[in-house]
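Below you'll find the structure, written out as structure tokens, and then a few comments.
Number of protein chains: 2
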Amino acid sequence: MTSTPIADLWPSLPGGSDARPEAAYRLLQAAVESFAERGFHATTTRDIATAAGMSPAALYIHYQSKAALLAEISQAGHAATLALVREAAAGEGEPVARMRRLVEEFTTWHARGRTVGRVVNYELHALPEDAYAVVAALRLDIEREVSALIEEGVTAGVFDVSEVRTAARAVTSLGIDVSRWYTDRSTETPEELGRRYGELVLRMLGARV
Amino acid sequence: MTSTPIADLWPSLPGGSDARPEAAYRLLQAAVESFAERGFHATTTRDIATAAGMSPAALYIHYQSKAALLAEISQAGHAATLALVREAAAGEGEPVARMRRLVEEFTTWHARGRTVGRVVNYELHALPEDAYAVVAALRLDIEREVSALIEEGVTAGVFDVSEVRTAARAVTSLGIDVSRWYTDRSTETPEELGRRYGELVLRMLGARV
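Line order of the protein sequences matches chains A and B.
Using the UniProt record's numbering, the first residue of the first sequence is number 1, and each one after it goes up by one.
Using the UniProt record's numbering, the first residue of the second sequence is number 1, and each one after it goes up by one.
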């Protein structure tokens, strides 16, 4: 099982209707793989262009710099996970059922999208200032969605949590770290891991399940 | 609050009795900071030597390469956390008390030693093959200690866990990821975070606390 292509991780982006040329996707995919393998600083625009089967000059038609590629990857990755978290949090059912779905999907995303996940979570320091501000706001929104759902469960008497922010941090942290350790050799499928993590998190939040 | 110097993170190493020259510590410290900031691949031996206030030639007296520095940092960091996990797991008291101590100390270590923690956990792919084998064995030992303590608690009827390996992975993952997100601006001290994570993990394992 290999890591999921980025086009499947942020379905709002793929070309066609938004007229994004296929070459831009190849560059994003090549940048994700290069950054994940060598780190942002050790990757050159030439590395990325070569991996995408283009010349460096062709790369600059689409992106001004490797930082512009990182910014797009990071923003799109964070926007995709925020959308997933929002949809689960605002979905049908009681807080327990929504939290379960949130953790299942957040975990599965980070197992499937581990290559993107590594770039998105471990290269934040390399983002240009304006892109960092956008990403930091998206991260804060993710934490707030999780906190709000925990608080809703506490108010409803189905969660029992003393420090909501710490618990919310633990919930997102567990999911994010999956992108570090999950590999092709992992014996659990992304969905199995998601279901098991859903159980573990609900217990952590004091839900009687 | 700044990150703890490496000499405090693996107390078995500091010079004197083992005759390790002070210059070697300065190089290790400089390497940790450089790798954490720019990543291994983008760091040169000259960067490290300069940060340690030495010439590149002086660096080679102590270390053959930047990979040799990474190998020592990674092995020592993993050995230190394994020692901490072993001591807590083999300590006094019931499985619940020992697991609480294990999580508290593992979490506190990763908050305090976050700079080392980042290098140790996110630059594994850059290790030379022999060093990687050593580190992989240490990581497996950490997971096994945690799994064995969970199993002991299950047998004693104080933990309720269906997938011991997944639960053990979640326990170590929560602690390791602290080195990614914990910063100087975090409002919880490393010890407070440790105590709160201790509570959350015990609940996750089905302990009635």
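Backbone N, C-alpha and C fix where the C-beta goes; we use that ideal spot for every residue, glycine too.
Owing to the predicted nature of the structure, the values given are computational and were not obtained by experimental measurement.
Selected residue, minimal CA-CA separation from residue i, among the options
i      : options                           : result
A170/A : F35/A, L202/A and R114/A          : L202/A
F35/B  : T166/B, G93/B, A126/B and I176/B  : A126/B
E191/B : A90/B, F106/B and A71/B           : F106/B
L138/A : E188/A, H78/A and E94/A           : H78/A
A88/A  : G198/A, A167/A, V134/A and Q64/A  : G198/A
V96/A  : A31/A, R26/A and E152/A           : E152/A
L59/A  : G53/A, A30/A, R26/A and A49/A     : A49/A
L27/B  : H41/B, A42/B and A51/B            : A51/B
R38/B  : R208/B, S173/B, R195/B and T115/B : T115/B
A167/A : K66/A, D130/A, R196/A and L200/A  : L200/A
D141/A : T172/A, L193/A, E22/A and A68/A   : T172/A
L149/A : K66/A, E92/A and A68/A            : E92/A
W109/A : L69/A, D130/A, H62/A and A83/A    : A83/A
A23/A  : R180/A, T43/A, A133/A and L69/A   : L69/A
Q29/A  : A90/A, I61/A and G113/A           : G113/A
P21/A  : R196/A, T45/A, Q75/A and I61/A    : I61/A
V154/B : T43/B, E94/B, A111/B and N121/B   : E94/B
V120/B : R98/B, R165/B, I176/B and E163/B  : I176/B
Reduced DSSP category for residue i - H, G, I as helix; E, B as strand; rest coil
i      : result
R185/A : coil
P56/A  : helix
L202/B : helix
F159/B : coil
L82/A  : helix
Q64/A  : coil
A51/B  : helix
A168/A : helix
M1/B   : Unreliable positioning characterises M1/B in this predicted model, as indicated by a pLDDT of 40, which lies under 50. The coordinate reading is nonetheless provided below. Coil.
A136/B : helix
G91/A  : coil
G117/B : helix
T43/B  : coil
V209/B : coil
L149/B : helix
E123/B : coil
P190/A : helix
Test: residue i CB closer than 8 Å to a CB of chain A
i             : result
L82/B         : no
R100/B        : no
residue 274/B : Only positions 1 to 209 of chain B appear in the structure, and residue 274/B is not among them; the question remains open.
A42/B         : yes
A131/B        : no
G113/B        : no
residue 229/B : Nothing about residue 229/B can be read from this structure; chain B reaches only from 1 to 209.
W181/B        : yes
E188/B        : yes
R170/B        : Checking the displayed sequence, the identity of residue 170/B turns out to be Ala instead of Arg. It does: the Cβ of A170/B has a partner Cβ on chain A nearer than 8 Å.
L138/B        : no
G16/B         : Any reading at G16/B must be qualified, since the residue scores a pLDDT of 40, below 50, and its modelled position is unreliable; no value is offered.
G194/B        : no
Beta carbon proximity, residue i to chain B, threshold 8 Å
i      : result
G198/A : no
I176/A : yes
A51/A  : no
K66/A  : no
S173/A : yes
G163/A : A small correction: the amino acid at residue 163/A is Glu; Gly does not occupy that position in the sequence shown. At least one chain B Cβ lies under 8 Å of E163/A.
A167/A : yes
R38/A  : yes
E105/A : no
G206/A : yes
R203/A : yes
Y25/A  : no
Cutoff 8 Å: residue i Cβ touching any chain D Cβ
i      : result
I150/B : Absence of chain D from the displayed structure is noted, the protein chains being A and B.
Within 8 Å, do at least three Cβ pairs link the segment 93-112 of chain A to the segment 135-154 of chain A? yes
Counting pairs of Cβ atoms below 8 Å between the segment 157-167 of chain A and the segment 112-128 of chain A, do you hit three or more? no
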